[in-house]
Every structure is written in C-alpha cells, then in structure tokens.
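Participant:
Number of protein chains: 2
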Amino acid sequence: MTRGDLFSPACPTRRLLDRIGSKWTSMAVKVLAEAAPDEVRFADLRRRIPGISQKMLSVTLQSLVADGLVARRVEPAVPVRVHYRLTELGLSLEVPLAALREWAETHMAEIDRASAAR
Amino acid sequence: MTRGDLFSPACPTRRLLDRIGSKWTSMAVKVLAEAAPDEVRFADLRRRIPGISQKMLSVTLQSLVADGLVARRVEPAVPVRVHYRLTELGLSLEVPLAALREWAETHMAEIDRASAAR
DNA sequence: CCTTCGCGGTTACCATTGGTTACCTGGTGA
DNA sequence: TCACCAGGTAACCAATGGTAACCGCGAAGG
C-alpha cells in the first residue's frame with residue numbers, strides 16, 4: 001500500500017493521461033489546434049464539438065486553463081465575450097497528440113477486428 | 001445521424017484514449033515494450049508494475065489481449081505458466097505512446113508550475 | 001411592452017463506472 | 001504447513017460524466 005505509492009502517483013505519463021484521457025479534453029485541444037493561431041469563443045467551441053454540454057465544455061476548459069495549455073481572454077463587451085486559444089505549451093502537446101490520433105485512425109480497424117474475432 | 005456519427009461515438013481517437021487512458025494500461029504496454037521481443041510472465045509483470053493488484057493486472061491484460069495488442073501464451077507446465085508479449089500492433093502503438101511519454105516527462109513540470117500559480 | 005433568444009457560465013442532483021480490498025480456487029515444491 | 005502460480009468473485013467506494021435548472025445581461029421580434 002505505501003510501497004508503490006512513492007513513485008506511482010507522481011509518474012508524469014500517468015498524470016498526463018489522466019488529463020487528456022478525460023472525455024472531451026483531446027477533442028477540445030484538437031479543435032483549438034485547428035483554429036490556431038486564431039481564438040475561439042465559448043459558444044463557437046460548443047458548436048464545433050458535437051454532443052458536448054455547457055457544463056462539460058466549461059469544466060474541460062477550466063482544467064486546460066489551469067494546466068497552462070489554454071489561454072482565456074475576457075473581452076469586456078456588452079454581453080461579455082470569452083476567447084480561448086492554445087498556449088505554446090498546448091501547441092507543443094498537439095504534436096504527440098496528433099501522432100496518437102493518426103495511429104488511432106489507421107489502426108482502430110485492426111483492434112475492432114481483433115475484438116470481433118474473440 | 002449519418003454524418004455526425006463520424007466523429008461522435010465512433011471517433012477512433014476517443015476510443016483509443018478510453019483504452020490507454022485506463023489506469024494501468026500504458027504502464028503495462030511500457031513494461032512489455034521494454035522487455036520486447038521477450039515474453040513476460042504474469043507474476044513477473046506484477047513485480048515490474050509497482051502497486052498493481054492481481055485483479056487489475058488480470059483485467060488490464062485481458063482487455064489488451066482482446067484488442068489484439070498483446071499475445072497470451074499458456075505453457076501447460078506443472079503450475080501453468082502464462083507468457084505475455086506485445087503483438088506487432090502493440091509495438092506500433094508504442095511509438096506514439098513513447099512520444100507522449102517523452103512529452104510528459106519534459107513538460108509536466110510546466111503544467112505543475114501553471115497549476116501552482118493559480 | 002412583453003417575451004424570447006444567446007452569451008458564458010454555475011449549481012444541484014443522479015447514474016454509471018473504474019478501481020480497490022479481501023477472499024476463493026487447485027495443484028505443486030520446500 | 002506454508003507459499004507460489006494465475007487468476008476469479010464479491011462487495012464497496014470515490015470519481016467521472018450527464019441532465020436540468022438557474023443566473024444577469026443585452027438585443028431582437030411581435
């Protein structure tokens with residue numbers, strides 16, 4: 001119980017996967033990366049991420065901002081406008097993430113065949 | 001219906017992240033990749049993955065085998081011996097996964113700084 | 001004048017699930 | 001008698017994710 005705890009929970013890969021493995025995070029990063037270097041507004045993100053609810057988009061963006069992967073800019077206009085964009089850190093994460101996406105798109109069919117053949 | 005389905009529930013990236021995002025999967029893949037092309041036995045894996053329980057190692061390996069990422073070989077010896085190794089598909093996944101690990105190891109400190117600065 | 005829409009969230013509540021501990025098998029070698 | 005091997009089973013618990021309602025504010029429509 002106390003033995004593995006010393007280095008397991010601090011493993012950087014595990015902690016990264018806890019973040020990008022959450023349901024909507026990688027989707028949000030992808031959409032923001034496609035728009036980069038432009039900013040995207042909250043309601044706009046909602047439209048570009050089909051199926052996401054207001055709450056989930058909100059908490060997803062909050063955690064991304066807290067991690068320094070996304071920058072949030074509030075425009076003090078009439079109805080307040082909030083703009084999001086990837087930081088440099090977020091853009092650097094896009095590189096390995098895009099590689100993972102590419103692997104997924106080319107190989108998920110094989111995984112499906114393996115699962116079906118069981 | 002036919003159009004939105006392309007990225008909503010059947011999105012390959014999402015489904016891949018559901019798999020490798022589960023707590024012990026990436027650890028198991030890493031350990032098996034380090035040992036490749038040698039096989040690793042169940043109890044041996046348990047020793048190399050600190051903190052994992054028998055049950056979680058069992059279910060983790062089962063899902064990896066079901067996905068065709070890991071091959072399972074039963075040696076019908078006295079107390080039965082079970083050997084695991086990555087398949088070619090599993091080895092190909094190791095490439096983007098290693099890139100993600102490297103990103104994590106070099107950049108998690110920045111994420112920590114961003115989180116602490118709030 | 002009243003109502004509805006859109007903006008950018010927050011809060012409360014609920015169901016599912018993933019992970020954990022603990023205990024079971026059945027045969028073997030020390 | 002005990003521990004080891006490779007798991008399986010049961011029960012519990014915390015975290016994740018989802019729904020729905022609410023918020024002030026302004027603009028647009030009838």
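Quick mapping for you: the protein sequence lines, in order, are chains A and B. The first sequence finishes on residue 118 if you use this note's numbering, and the numbering steps up by one all the way, no holes. The second sequence finishes on residue 118 if you use this note's numbering, and the numbering steps up by one all the way, no holes. All C-beta atoms in this analysis are idealised placements derived from N, C-alpha and C, irrespective of residue type, glycine included. Treat the numbers as computed from the prediction; the structure is a model and nothing was measured.
1. Measuring alpha carbon to alpha carbon, tell me which of M56/B, L86/B and L45/B ends up nearest K23/B.
2. Return the chain-ordered list of same chain residues with a C-beta closer than 6 Å to the C-beta of I20/B, the five sequence neighbours on each side being excluded.
3. Please list the partners that S26/A has in chain B, where partner means a Cβ-to-Cβ separation under 8 Å.
4. Using the Cα positions of R41/A and E88/A, report the straight-line distance between them to the nearest angstrom.
5. What residues of chain B sit near S53/A, judged by a beta carbon separation below 8 Å?
6. If we count the other Cβ atoms within 10 Å of its Cβ and call it buried at 16 or more, is D67/A buried or exposed?
7. Quick check on this structure: which residue in E110/B, A114/B and A104/B has the alpha carbon closest to the alpha carbon of D18/A?
8. May I ask you to report which of helix, strand or coil DSSP gives L100/A?
9. Please specify which runs of the alpha helix (DSSP H), each continuous and at least 4 residues long, are wholly inside the stretch 8 to 49 of chain A, giving them in chain order.
10. Taking only three categories from DSSP, how would you classify L69/A?
11. Buried or exposed: which applies to A43/A, given that a residue is buried once 16 or more other Cβ atoms fall within 10 Å of its Cβ?
12. Using 8 Å as the threshold, is the stretch 68 to 88 of chain B in touch with the stretch 68 to 85 of chain A, meaning 3 or more CB pairs across them?
13. What is the C-beta distance between Y86/B and L100/B, in whole angstroms, given that I count them as a contact (C-beta under 8 Å)?
14. Give me the chain A residues within the contact set of R101/B, using Cβ-Cβ distance strictly less than 7 Å, ordered along the chain.
15. Could you check which residue in L97/A, D38/A, A28/A and P37/A has the C-alpha nearest to that of G51/A?
16. Provide the residue span of the beta strand (DSSP E) that contains V82/B, from first to last.
17. Answer with buried or exposed for T60/A, where buried requires no fewer than 16 other C-beta atoms within 10 angstroms of its C-beta.
18. Applying the 10 Å Cβ sphere with the 16-neighbour rule, what's the burial state of E94/A?
19. Provide the residue(s) that pair with V74/A in DSSP beta bridges, ordered along the chain.
20. Should G106/A be labelled buried (16 or more other beta-carbon atoms within 10 Å of its own) or exposed?
Facilitator: Quick answer:
1. The sequence position of residue 23/B within the second sequence is 23, counting from 1. For the set M56/B, L86/B and L45/B, the Cα lying nearest the Cα of K23/B is the one of M56/B.
2. Within the second sequence, residue 20/B is the residue found at index 20, counting from 1. So the qualifying residues of the chain are S26.
3. In the first sequence, residue 26/A corresponds to position 26, counting from 1. Simply T13, R14 and L17.
4. For the purposes of this step, residue 41/A is taken as residue 41 along the first sequence, with counting starting at 1. For the purposes of this step, residue 88/A is taken as residue 88 along the first sequence, with counting starting at 1. Approximately 19 Å, taken between the alpha carbons.
5. As a working mapping, residue 53/A is identified with position 53 in the first sequence. Chain order gives no chain B residues near S53/A, where near means a beta carbon separation below 8 Å; the closest approach is about 13 Å.
6. By 1-based counting over the first sequence, the position of residue 67/A is 67. When all chains shown are included, D67/A counts as buried.
7. Mapped onto the first sequence, residue 18/A falls at position 18. The option with the nearest alpha carbon to D18/A is A104/B.
8. Reading the first sequence from its first residue, position 100 is the one you call residue 100/A. Secondary structure of L100/A (DSSP, three-state): helix.
9. Here the runs fully enclosed are 12 to 20, 25 to 35 and 42 to 48.
10. Taking the first sequence and counting its residues from 1, one reaches residue 69/A at position 69. Looking at L69/A - three-state DSSP - the assignment turns out to be coil, as it is neither helix nor strand.
11. Position 43 of the first sequence holds residue 43/A. That one is exposed.
12. No: fewer than three Cβ pairs fall under 8 Å.
13. On the second sequence, residue 86/B is found 86 positions in, with the first residue counted as 1. On the second sequence, residue 100/B is found 100 positions in, with the first residue counted as 1. It should be pointed out that residue 86/B corresponds to Leu in this sequence rather than to Tyr. That belief does not hold up - the Cβ atoms of L86/B and L100/B are roughly 16 Å apart, past 8 Å.
14. For this step, residue 101/B is matched to residue 101 along the second sequence. Within chain A, the residues whose beta carbon sits less than 7 Å from that of R101/B are T13, listed in sequence order.
15. Position 51 of the first sequence, counted from the start, is the residue given in the question as residue 51/A. If we check each option's Cα against that of G51/A, A28/A comes out closest.
16. By one-based count along the second sequence, residue 82/B stands at place 82. Judged by DSSP secondary structure, V82/B falls within the beta strand (DSSP E) whose first and last residues are R81 to L86.
17. Within the first sequence, numbered from 1, the residue matching residue 60/A stands at position 60. With 16 or more other Cβ atoms within 10 Å, it is buried.
18. Your numbering for residue 94/A matches position 94 in the first sequence. Buried is the call here.
19. In the first sequence, the residue the question calls residue 74/A occupies position 74. Beta-bridge pairing links V74/A to V82/A.
20. As a position in the first sequence, residue 106/A is number 106, starting the count at 1. Residue 106/A is actually Thr in this sequence, not Gly. With fewer than 16 other beta carbons inside 10 angstroms of its own, T106/A counts as exposed.
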